[in-house]
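What follows is a single structure, written as structure tokens, with notes after it.
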Amino acid sequence: MGALRLPSPAGTAVAVIAAATALLTLQSWAVIAVDAGDYLNPLLLLAVLVAGSGLALRAVRVPRPVVPLGQAALVALLFHHWYAGDGARLGGWLPTPSGIEGTLDTLRRAVEAANQQPAPVPADATAFPPLMVACGAAVVLLVDLFACTLRRAPLAGLPLLAAFTAPVSLIGGVPWLTFALAATAFVLLLTAEQAARLGRWGRNISGPAPLRGGVEPQEVRLATLWPAASRIGVAGVGLAVLAPLALPTWDGFWSSGIGPGDGNGDGSVTVENPMVDVRRDLLSSADMPLLAVRTDDPTPAYLRISVLDEFDGAAWRPSERDIPPTNEADGPLPAPPGLSETTPRTEHDYAISVTSVFRSRWLPTPYPAASVRAPGDWRYDDKTLDVLGVGGTDASGIEYRAVGLTLDPDPAALVNAVPGPQSLTADNTELPDSMPDWIETRAQELTAEGRSDFEKAVILQQWFREDGGFTYSLDPGSGTSLEQLELFLGTGEGSRRGYCEQFASAMAMMARTLNIPARVAVGFLRPEQELDNYWVYSTRDMHAWPELYFEGTGWVRFEPTPQTQARTVPAYTSGQVPAPEDLAAPSASTSAPEPTVTRTRRDDLLGATSTDEEGGLPGWLVPGAVVLILGGLCCFVPRAVREAQRRRRYDEDDPAEVAEAAWDELRATALDLGVRWDDTATLRRQALALVPALGPSHGPTGGGPDETRRATGALESLALLVERARYSQHPLDEAGQEQAQEDSRTVTEVLVDVADSRTRRRARWLPASLWRGRRPVQRRRDGGRGTGRGAGQVEGVDRVSV
Numbered sequence: 076m077g078a079l080r081l082p083s084p085a086g087t088a089v090a091v092i093a094a095a096t097a098l099l100t101l102q103s104w105a106v107i108a109v110d111a112g113d114y115l116n117p118l119l120l121l122a123v124l125v126a127g128s129g130l131a132l133r134a135v136r137v138p139r140p141v142v143p144l145g146q147a148a149l150v151a152l153l154f155h156h157w158y159a160g161d162g163a164r165l166g167g168w169l170p171t172p173s174g175i176e177g178t179l180d181t182l183r184r185a186v187e188a189a190n191q192q193p194a195p196v197p198a199d200a201t202a203f204p205p206l207m208v209a210c211g212a213a214v215v216l217l218v219d220l221f222a223c224t225l226r227r228a229p230l231a232g233l234p235l236l237a238a239f240t241a242p243v244s245l246i247g248g249v250p251w252l253t254f255a256l257a258a259t260a261f262v263l264l265l266t267a268e269q270a271a272r273l274g275r276w277g278r279n280i281s282g283p284a285p286l287r288g289g290v291e292p293q294e295v296r297l298a299t300l301w302p303a304a305s306r307i308g309v310a311g312v313g314l315a316v317l318a319p320l321a322l323p324t325w326d327g328f329w330s331s332g333i334g335p336g337d338g339n340g341d342g343s344v345t346v347e348n349p350m351v352d353v354r355r356d357l358l359s360s361a362d363m364p365l366l367a368v369r370t371d372d373p374t375p376a377y378l379r380i381s382v383l384d385e386f387d388g389a390a391w392r393p394s395e396r397d398i399p400p401t402n403e404a405d406g407p408l409p410a411p412p413g414l415s416e417t418t419p420r421t422e423h424d425y426a427i428s429v430t431s432v433f434r435s436r437w438l439p440t441p442y443p444a445a446s447v448r449a450p451g452d453w454r455y456d457d458k459t460l461d462v463l464g465v466g467g468t469d470a471s472g473i474e475y476r477a478v479g480l481t482l483d484p485d486p487a488a489l490v491n492a493v494p495g496p497q498s499l500t501a502d503n504t505e506l507p508d509s510m511p512d513w514i515e516t517r518a519q520e521l522t523a524e525g526r527s528d529f530e531k532a533v534i535l536q537q538w539f540r541e542d543g544g545f546t547y548s549l550d551p552g553s554g555t556s557l558e559q560l561e562l563f564l565g566t567g568e569g570s571r572r573g574y575c576e577q578f579a580s581a582m583a584m585m586a587r588t589l590n591i592p593a594r595v596a597v598g599f600l601r602p603e604q605e606l607d608n609y610w611v612y613s614t615r616d617m618h619a620w621p622e623l624y625f626e627g628t629g630w631v632r633f634e635p636t637p638q639t640q641a642r643t644v645p646a647y648t649s650g651q652v653p654a655p656e657d658l659a660a661p662s663a664s665t666s667a668p669e670p671t672v673t674r675t676r677r678d679d680l681l682g683a684t685s686t687d688e689e690g691g692l693p694g695w696l697v698p699g700a701v702v703l704i705l706g707g708l709c710c711f712v713p714r715a716v717r718e719a720q721r722r723r724r725y726d727e728d729d730p731a732e733v734a735e736a737a738w739d740e741l742r743a744t745a746l747d748l749g750v751r752w753d754d755t756a757t758l759r760r761q762a763l764a765l766v767p768a769l770g771p772s773h774g775p776t777g778g779g780p781d782e783t784r785r786a787t788g789a790l791e792s793l794a795l796l797v798e799r800a801r802y803s804q805h806p807l808d809e810a811g812q813e814q815a816q817e818d819s820r821t822v823t824e825v826l827v828d829v830a831d832s833r834t835r836r837r838a839r840w841l842p843a844s845l846w847r848g849r850r851p852v853q854r855r856r857d858g859g860r861g862t863g864r865g866a867g868q869v870e871g872v873d874r875v876s877v
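The working numbering puts the first residue of the sequence shown at 76, with every later residue one more than the last.
Printed below as a string of structure tokens:
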């Protein structure tokens, strides 16, 4: 830490404009939540804190790495005070272990809220804002780091671009005015950073006072650089805003951002995450028609959008789809998984027309479907038969045809279904390790009288619809996390109240505890009939239901939602469930063994055991090997990069660059060995400063004073050759180029020889030149100082000598 140095006006301007640029960029997050002030207002205070603390720390000349660490510590302290102050001392400013744990728990709940809520996040999701505050603080810190501490303002565009991707990915775009203001501020930031950089030219770098007759520090006004920068900035911003007008996916220049309500600011309904969008559409103030269907099916229902087959404890969501380009939805589809040719079925034709307000990357289709023909790039997934759009393909406003299969499975066939394939069962019975045991116990108790998996599934459906005392209600908050499902299944206050999302998720989870493959489907429940063979699905028809797998029939639909919302259940689940064939006539002397239920969890599927009697690999072996490989790469990569850099410099074949490459290699070797190097000094001054480092050799191959003399001569020769290459009208000839490379090798070899073994090892494995930028070093004030870069501008020293 050095003496106090007041920041220059240009440096102060850079810090202020950097904070303003970050804040203007973060304004694009206003569309992510209904009440965005809950996180945008705290970010304003954090931006002021980051800018002010950065100016203060740089004013006292703390080392550069300490500046961002200090800023981050202050931000973390303020964040802790806001969101976990009750667990701290001194009014919430002194962190304690419980306070830190509370802060982490706040962030965990914020992440859960983000996973469960659609954008724009409703105002009652009070757990959500801390996540946005933390992410916004990271953006502000990175912008200040790049623009002010490292003085690399162009790199600040990276976190700013990352901030813009949040509303683009969640909502589909940002308001054009917000983008234009942020881009203009970024151009101002580049201008101010250049003004601060140019203002240091001519400044006395190594001392607080200029030499007699030296050049006084000069400040470069922003107005000097603004005309050129503004032309570039206006052109770039204009291109970014106007160019999308020519693209077919653009909605118009004056398209507004996304607002609260039905999904989009223009009143449209967008399906991005099907589960989290269900409640939003059910609560929509307007019951908007979304699909019109003309079909020969006398009772169409259950038009499916997507399947949610992965449950991680935070939410049900679609697993990753690996869809090859050959799976085009332009004709017949493959047979549904598990469906036998002997299962009775009836085909029905569907002509579906999507209104312009319904936007979905999933195509609504009957399940199972025999064929789908839709305009655009639509592809089907082999496992789920979901139909997804590729390359921006959207369902809005299109018309397409499908052939749906109405199955009529025999309950006896469902009762006697054999277990499905192991891979399908493992993937669709997986449960998180954090799931409480009482849910599994409760499922076993409820289905204890079930004589088959199908009968157990029917018992669960009946329990949710009638026997369990559940009530259909849209009042509870949305979500399918374990915490919310525990409340839903419990008996305390607020329990056993929910809507289709909770009913479908809870039944699928309990079925998985019984080792029955289960997943959740999202789509439309039932349409309203407008004319003969003509039906309309609206926002109020959005629905979720569970699907359970039974070999021979495949994925079978169940309906646990109470009849106040879902009036009927599938026909094959009503009436008396037959007994399995092997238990229909039990012997008087024997009794059927009680079924054993084995729950498959994530650690079971991954084989996470410390020992395996069958010779399996220990669970820690793979991650341990990954850690060792990554550690080895971290050790060898710097050395390999440095060696490649050295070879490239000595292989330089451009006559104008050979001498510079030789000098750069000398500089890099000096930095690797910890030798001081001043990038502001002239060539001769730096060469003279390097002579002491070529002193008597103590290395294994050094030759004492003779080697030092030889290296000093080579250093002098190299400096003169670099001067000729820089300032002569003619480039070095071939002999001069070879001499420059030879001189550089000679000097670097002696530098390595005179270093001790520890320094050589550090230089070899952790070469500092890879991350050390060009910067001045402090010099004593008792010598001449060069003020220029050319030969003959060094006072008092004309040659390098020993």
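Beta carbons: idealized from backbone N, C-alpha and C, even for Gly. What you are looking at is a predicted structure, and each value in this text was computed from that prediction instead of being measured.
What is the DSSP secondary structure of residue i, reduced to helix, strand or coil?
i: Phe433; result: strand
i: Ala108; result: strand
i: Asp457; result: coil
i: Asp424; result: strand
i: Arg847; result: coil
i: Glu688; result: Here Glu688 scores only 39 on pLDDT, less than 50, and its place in the model should not be relied on; the value that follows carries that caveat. Here Glu688 sits in coil by DSSP.
i: Tyr114; result: helix
i: Ala95; result: helix
i: Arg724; result: helix
i: Glu416; result: coil
i: Ala734; result: helix
i: Val597; result: strand
i: Glu718; result: helix
i: Gly879; result: A query on residue 879 cannot be resolved here, the shown segment of the chain reaching from 76 to 877 and no further.
i: Ser527; result: coil
i: Glu605; result: strand
i: Arg379; result: strand
i: Thr401; result: coil
Starting from residue i, trace the beta strand (DSSP E) in both directions and tell me its first and last residue.
i: Tyr909; result: An answer regarding residue 909 cannot be provided, because it is not within the stretch 76 to 877 covered by the chain.
i: Phe625; result: Met617 to Phe625
i: Thr370; result: Pro364 to Thr370
i: Leu480; result: Glu474 to Leu482
i: Pro407; result: Asp405 to Pro407
i: Arg632; result: Gly629 to Arg632
i: Ala445; result: Ala444 to Arg448
i: Phe539; result: Taken as a continuous stretch (DSSP letters only), Phe539 belongs to no beta strand (DSSP E), as it is neither H nor E.
i: Gln102; result: Segment: none, Gln102 is in no beta strand (DSSP E) and carries neither H nor E.
i: Val462; result: Val462 to Gly464
Along the chain, where does the alpha helix (DSSP H) containing residue i start, and where does it finish?
i: Gly811; result: Glu809 to Val829
i: Glu782; result: Pro780 to Tyr802
i: Ile514; result: Asp512 to Leu521
My understanding is that residue i touches residue j, with C-beta atoms under 8 angstroms, so please give their C-beta distance in whole angstroms.
i: Ala484; j: Val631; result: The sequence shown places Pro at residue 484, not Ala. The Cβ separation is near 7 angstroms, so the contact holds.
i: Leu480; j: Glu416; result: Incorrect: roughly 12 angstroms between the Cβ atoms, too far for contact.
i: Gly892; j: Glu626; result: This structure does not reach residue 892, given that the chain is present from 76 up to 877, and the question cannot be answered.
i: Ala619; j: Ala586; result: Not really, about 15 angstroms apart at Cβ, beyond 8 angstroms.
i: Met584; j: Leu535; result: Actually they are not in contact, since the Cβ atoms of Met584 and Leu535 sit about 10 angstroms apart, beyond 8 angstroms.
i: Asn503; j: Arg594; result: 6 angstroms
i: Ala838; j: Asp729; result: Contact flag wrong, Cβ pair sits at about 27 angstroms.
i: Pro507; j: Phe386; result: 7 angstroms
i: Ala745; j: Trp752; result: 5 angstroms
i: Ala579; j: Pro637; result: Going by Cβ atoms, the distance from Ala579 to Pro637 rounds to 12 angstroms, so no, they are not a contact pair.
7 angstroms is my cut-off, CB to CB: does residue i come that close to chain D?
i: Leu746; result: Going by chain labels, chain D is absent from the structure shown, which holds only one protein chain.
Any 3 or more C-beta pairs closer than 8 angstroms across the region 636 to 648 and the region 537 to 549: yes
- prompt: Counting only runs that start and end within the region 185 to 224, where is the alpha helix (DSSP H) found for 4 or more residues in a row?
  reply: 204 to 219
- request: Report yes or no: do three or more beta-carbon pairs, one from the region 384 to 401 and one from the region 451 to 466, lie closer than 8 angstroms?
  value: yes
- request: Please confirm if the region 169 to 182 is in contact with the region 84 to 96, defined as three or more CB-CB distances below 8 angstroms between the two stretches.
  value: no
field: Any 3 or more C-beta pairs closer than 8 angstroms across the region 101 to 113 and the region 137 to 150
entry: no
query: If you pair each beta-carbon of the region 369 to 388 with each one of the region 505 to 520, do three or more pairs fall below 8 angstroms?
result: yes
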